[in-house]
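Input: a single structure, listed below in structure tokens.
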Amino acid sequence: GNSVTQMEGPVTLSEEAFLTINCTYTATGYPSLFWYVQYPGEGLQLLLKATKADDKGSNKGFEATYRKETTSFHLEKGSVQVSDSAVYFCALSDSGGYQKVTFGTGTKLQVIP
Amino acid sequence: DSGVTQTPKHLITATGQRVTLRCSPRSGDLSVYWYQQSLDQGLQFLIQYYNGEERAKGNILERFSAQQFPDLHSELNLSSLELGDSALYFCASSDRGDSYNEQFFGPGTRLTVL
Chain A
1 GNSVTQMEGP VTLSEEAFLT INCTYTATGY PSLFWYVQYP GEGLQLLLKA
51 TKADDKGSNK GFEATYRKET TSFHLEKGSV QVSDSAVYFC ALSDSGGYQK
101 VTFGTGTKLQ VIP
Chain B
1 DSGVTQTPKH LITATGQRVT LRCSPRSGDL SVYWYQQSLD QGLQFLIQYY
51 NGEERAKGNI LERFSAQQFP DLHSELNLSS LELGDSALYF CASSDRGDSY
101 NEQFFGPGTR LTVL
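Chains as they are written, first to last, in the numbering used here: chain A, 1 to 113; chain B, 1 to 114.
Below you can see the structure in the form of structure tokens.
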């Protein structure tokens with residue numbers, strides 16, 4: 001079956017540091033890939049997505065590139081802010097038509113001033 | 001605010017009891033999804049409905065059931081509750097049910113089973 005593996009957290013960075021959160025996946029077919037973010041006390045919200053190989057999703061300074069050859073979708077940001085502190089989930093969605101989404105375990109990011 | 005509402009926000013009950021969680025999707029969204037988030041299991045997909053019909057099933061226990069009503073709101077019923085059912089239950093919605101669409105998540109219902 002499908003699976004998503006994320007680097008374990010928590011990740012603690014100083015403000016303006018470079019962020020990478022690794023995500024690799026196992027899937028049949030051609031899944032869509034997503035990064036969701038969960039701020040404290042809230043539900044998940046979509047951060048970015050990519051629907052085919054070599055697509056780059058980007059939003060709010062975050063980027064991730066769909067790499068089919070390495071089955072990866074690593075999240076990056078050049079300069080993190082305290083407000084980026086949250087839990088980040090990598091996810092994939094079946095390509096079979098109905099949206100059965102598989103989430104990674106989440107990576108908690110803490111940014112300190 | 002995602003536009004997805006969930007009630008109640010918190011629920012405390014005892015083992016063996018039955019509870020109903022309610023979700024109202026964003027206006028115009030036809031698909032509703034239910035997830036369970038716990039510390040040991042992470043975020044688990046439970047079930048998806050599209051326009052009143054069940055479309056995909058994940059790790060949903062037989063003690064759990066769900067339905068989507070004609071007005072598109074959905075309810076998740078949890079029965080014979082066990083301590084291990086304590087978790088945050090999220091509902092999400094999307095306008096269609098296919099693989100490419102963003103899901104919009106509600107704020108969740110925190111269930112505590114004592």
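Backbone N, C-alpha and C define an ideal beta-carbon position, used for all residues, glycine too. Computed from a prediction, not measured in an experiment: that's the story for all the values here.
Rounded to whole angstroms, what is the Cα-Cα separation between residue i and residue j?
i              : j              : result
residue 4(B)   : residue 21(B)  : 13 Å
residue 50(B)  : residue 7(A)   : 33 Å
residue 42(B)  : residue 102(A) : 11 Å
residue 24(B)  : residue 6(B)   : 6 Å
residue 5(A)   : residue 26(B)  : 30 Å
residue 92(B)  : residue 105(B) : 4 Å
residue 14(A)  : residue 84(A)  : 11 Å
residue 107(B) : residue 59(B)  : 21 Å
residue 43(A)  : residue 107(A) : 15 Å
residue 58(A)  : residue 9(A)   : 22 Å
residue 79(B)  : residue 114(B) : 14 Å
residue 74(B)  : residue 45(A)  : 20 Å
residue 8(B)   : residue 78(A)  : 39 Å
residue 45(B)  : residue 81(B)  : 19 Å
residue 40(B)  : residue 110(B) : 15 Å
residue 111(A) : residue 10(B)  : 29 Å
residue 54(B)  : residue 65(B)  : 11 Å
residue 47(B)  : residue 62(B)  : 12 Å
residue 29(A)  : residue 71(A)  : 12 Å
residue 109(A) : residue 94(B)  : 27 Å
residue 18(B)  : residue 76(A)  : 43 Å
residue 72(B)  : residue 73(A)  : 34 Å
residue 52(B)  : residue 47(A)  : 28 Å
Measuring alpha carbon to alpha carbon, tell me which of the options ends up nearest residue i.
i              : options                       : result
residue 89(A)  : 1(A), 13(A), 25(A), 18(A)     : 25(A)
residue 102(B) : 17(B), 65(B), 33(B)           : 33(B)
residue 112(B) : 92(B), 106(B), 85(B)          : 85(B)
residue 70(B)  : 28(B), 18(B), 114(B)          : 28(B)
residue 56(B)  : 85(A), 32(A), 94(A)           : 94(A)
residue 118(B) : 110(A), 105(A), 112(A)        : Lying outside 1 to 114, the shown extent of chain B, residue 118(B) is not represented and no answer is given.
residue 41(A)  : 112(A), 111(A), 86(A), 107(A) : 86(A)
residue 67(B)  : 30(B), 2(B), 8(B), 10(B)      : 30(B)
residue 31(A)  : 37(A), 74(A), 91(A)           : 91(A)
residue 69(A)  : 27(A), 47(A), 60(A)           : 27(A)
residue 2(A)   : 10(A), 9(A), 16(A), 33(A)     : 33(A)
residue 1(B)   : 10(A), 39(A), 76(A)           : 39(A)
residue 126(B) : 53(B), 87(B), 62(B), 94(B)    : Look at the range of chain B in this structure, 1 to 114, and you will see that residue 126(B) is not part of it.
Which term fits residue i, buried or exposed, when burial requires 16 or more other beta carbons within 10 angstroms of its beta carbon?
i              : result
residue 100(A) : buried
residue 81(A)  : exposed
residue 18(A)  : exposed
residue 12(A)  : exposed
residue 36(A)  : buried
residue 118(B) : Outside the modelled stretch of chain B, which goes from 1 to 114, sits residue 118(B), for which no answer is possible.
residue 76(B)  : buried
residue 83(B)  : exposed
Taking a Cβ distance cut-off of 7 Å, strictly less, list which residues of the region 37-63 of chain B are near chain A, in chain order.
For the region 37-63 of chain B, which is checked against every Cβ of chain A, the residues closer than 7 Å are 42, 43, 45, 48, 55, 56, 58.
Assess, as a yes-or-no matter, whether the region 12-23 of chain A is touched by the region 58-75 of chain A under the definition of 3 or more beta carbon pairs within less than 8 Å.
Inter-segment contact for the region 58-75 of chain A and the region 12-23 of chain A is present: three or more beta-carbon pairs are separated by less than 8 Å.
Chain-ordered residues of the region 34-47 of chain A with a beta carbon less than 9 Å from chain B:
Within the region 34-47 of chain A, the residues whose Cβ lies closer than 9 Å to some Cβ of chain B are 34, 36, 38, 41, 42, 43, 44, 45, 46, listed in chain order.
Per the contact definition of three or more C-beta pairs closer than 8 Å, is the region 43-60 of chain A in contact with the region 10-19 of chain B?
For the pair of segments examined, the region 10-19 of chain B was found not to touch the region 43-60 of chain A: the number of CB pairs separated by less than 8 Å stays below three.
Going along the region 69-88 of chain B in order, which residues come within less than 7 Å of chain A, judged by CB to CB distance?
Taking 7 Å as the Cβ-Cβ cut-off against chain A, none of the residues of the region 69-88 of chain B qualify.
If you measure beta-carbon to beta-carbon, which residues of the region 100-113 of chain B are closer than 8 Å to chain A?
Per Cβ criterion, the list reads 100, 101, 102, 103, 104, 105, 106, 107, 108.
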